[in-house]
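Numbering (the working numbering), first residue to last: -19 to 362. C-beta atoms are modelled at their ideal positions from N, C-alpha and C, and glycine is treated no differently. Keep in mind it's a predicted model, so treat the numbers as computed, not measured.
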């Protein structure tokens, strides 16, 4: 492992100029991106809603010709102007040139992420902030993040999330100067420090259990019993609902897993489908993890979101939001109250961002984590 480097880092203020369109075609994205370039943007953050269903070829051609670094992704929904948006694009034009690294093979069990990352960052000052975007359907996300932390340590602020679709079908979902990417992670170094707020609001209701078998993001057994059998028993008894062949996610969105960390904190894992008696999650559940079943009340999730937002400093720069799409599906119309609560805490800061398949942060004082069903907010100190 490379010795941790001292913080010989250049910090600067970066202006974010936001452009939004509710239009859905590739031409709309290219138009507002070109507007940002015409204003002098030296890097572009591109966010797209999955329902736009853009033709990749047209976007790929533009991306490969783009004269500045590009990063970003396609997400189930976007956040703009205090609303969750099922359609449209957001382009943030940045006033500084950023450094973007695209890491392939997110689901390849033979990938050695440390060997890939060390030449990119070894011997250099750590980034002040690292934006980490991943293909949310990749099965090696936690392994990738472990290697990022091994190489860079706790000095950077980490922020990001999982791109992809609620169809849970893996497809091109990350924007880059190479075109659109599938099964990649994307690491973007920003020369400014962001302040984070991380909260979820879910509470334990059954357990603890031990994940006794499984592979990466698949939980096969809990306490040596088939995982779905255990899950079904407790969830059906509590909810009064019964699982069928078609309603798994409709019920499961209200009953995530929670992995307990040594400090007692809970990292949420979202079960998205079942495979026989095994359960497939967004993000890994290591064997021998201590696991609880969680449940939530809408008011608790909303209060938690406000609590996370209250940790941001007062200022006028935009706040970027990485919030789990399954919070939207669980809260329904009450999700508007979550956004309202967040805006009430951040005051004049405009909020924009993405509704994700998993959220990435280091929680301010914790190790780098891949969260589910969690709100992560980030803002500059100004």
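Per-residue burial, residue 149 [other beta carbons within 10 Å of its own, 16 or more giving buried]: Taking the first residue of the chain shown as 1, we reach residue 149 at position 169. Counting other Cβ atoms within 10 Å of its Cβ, residue 149 stays below 16 and is therefore classed as exposed.
From residue 98 to residue 316, what does the alpha carbon distance come to, in whole angstroms? The residue you call residue 98 lines up with position 118 of the chain shown. The residue you call residue 316 lines up with position 336 of the chain shown. One alpha carbon belongs to residue 98, the other to residue 316, and they sit about 42 Å apart.
Does any heavy atom of the ligand ADP sit closer than 8 Å to the C-beta of residue 192? By its list of ligands, the structure shown contains no ligand whatsoever, and the ligand ADP lies outside what it can speak to.
Backbone secondary structure at residue 141 - three-state DSSP: Along the chain shown, one-based indexing puts residue 141 at 161. The three-state reading of DSSP puts residue 141 in strand, counting E and B together.
Closest to residue 94 by C-alpha separation, out of 83, 87 and 104, would be which residue? Sequence index remark: in the chain shown, residue 94 carries index 114 (1-based). Nearest of 83, 87 and 104 to residue 94, Cα basis: 83.
Apply the 10 Å Cβ neighbour rule to residue 320 and answer buried if 16 or more other Cβ atoms are within range, or exposed otherwise. For the purposes of this step, residue 320 is taken as the residue at position 340 of the chain shown. Counting Cβ neighbours within 10 Å, residue 320 comes out exposed, since fewer than 16 surround it.
Along the beta strand (DSSP E) that carries residue 255, what are the first and last residues, could you check? Counting from one through the chain shown, the residue named residue 255 turns up at place 275. It spans 246 to 255 - the beta strand (DSSP E) in which residue 255 sits, taken as one unbroken run.
Apply the 10 Å Cβ neighbour rule to residue 213 and answer buried if 16 or more other Cβ atoms are within range, or exposed otherwise. Within the chain shown, numbered from 1, the residue matching residue 213 stands at position 233. In summary, residue 213 is exposed, with fewer than 16 beta-carbon neighbours lying within 10 Å of its beta-carbon over all protein chains present.
Below 9 Å between beta carbons: does that hold for residue 301 and residue 334? Here residue 301 refers to the residue found at position 321 when the chain shown is read from its first residue. Here residue 334 refers to the residue found at position 354 when the chain shown is read from its first residue. Their beta carbons are under 9 Å apart, which means residue 301 touches residue 334 by this criterion.
With a Cβ-Cβ cutoff of 9 Å, do residue 54 and residue 153 count as a contact? In the chain shown, counting from the first residue as 1, residue 54 sits at position 74. In the chain shown, counting from the first residue as 1, residue 153 sits at position 173. Yes, these two residues count as a Cβ contact at 9 Å.
Please confirm if the stretch 59 to 77 is in contact with the stretch 16 to 35, defined as three or more CB-CB distances below 8 Å between the two stretches. Per the Cβ contact rule, the stretch 59 to 77 is in contact with the stretch 16 to 35 (3 or more Cβ pairs under 8 Å).
Contact check, residue 110 vs residue 138 under 8 Å by CB: the rounded distance? Walking along the chain shown from the start, residue 110 turns up at place 130. Walking along the chain shown from the start, residue 138 turns up at place 158. Confirmed, about 5 Å.
Going by DSSP, name the residue or residues bridged to residue 273. Here the question's residue 273 lines up with position 293 in the chain shown. Its beta-bridge partners are 186 and 237.
Give every residue of the same chain whose Cβ lies closer than 7 Å to the Cβ of residue 100, excluding the five residues on either side of it in the sequence, and list them in chain order. Translated into positions along the chain shown, residue 100 becomes position 120. Cβ contact annotation for residue 100 (same chain, cutoff 7 Å, sequence separation greater than five): 81, in chain order.
With DSSP collapsed to three states, give me the class of residue 324. For the purposes of this step, residue 324 is identified with residue 344 of the chain shown, where counting begins at 1. It is helical.
Since residue 248 contacts residue 236 with CB under 8 Å, what's their CB separation in whole angstroms? The residue given as residue 248 occupies position 268 in the chain shown. The residue given as residue 236 occupies position 256 in the chain shown. Yes, residue 248 and residue 236 are in contact; Cβ-Cβ is about 5 Å, under 8 Å.
Return the residue from the list 348, 32 and 62 that minimises the CA-CA distance to residue 323. Here the question's residue 323 lines up with position 343 in the chain shown. Taking only the C-alpha atoms, the option nearest residue 323 is 62.
Can you give the Cα-Cα distance for residue 51 and residue 192, rounded to whole angstroms? Position 71 of the chain shown, counted from the start, is the residue given in the question as residue 51. Position 212 of the chain shown, counted from the start, is the residue given in the question as residue 192. Computed Cα separation, rounded: 38 Å.
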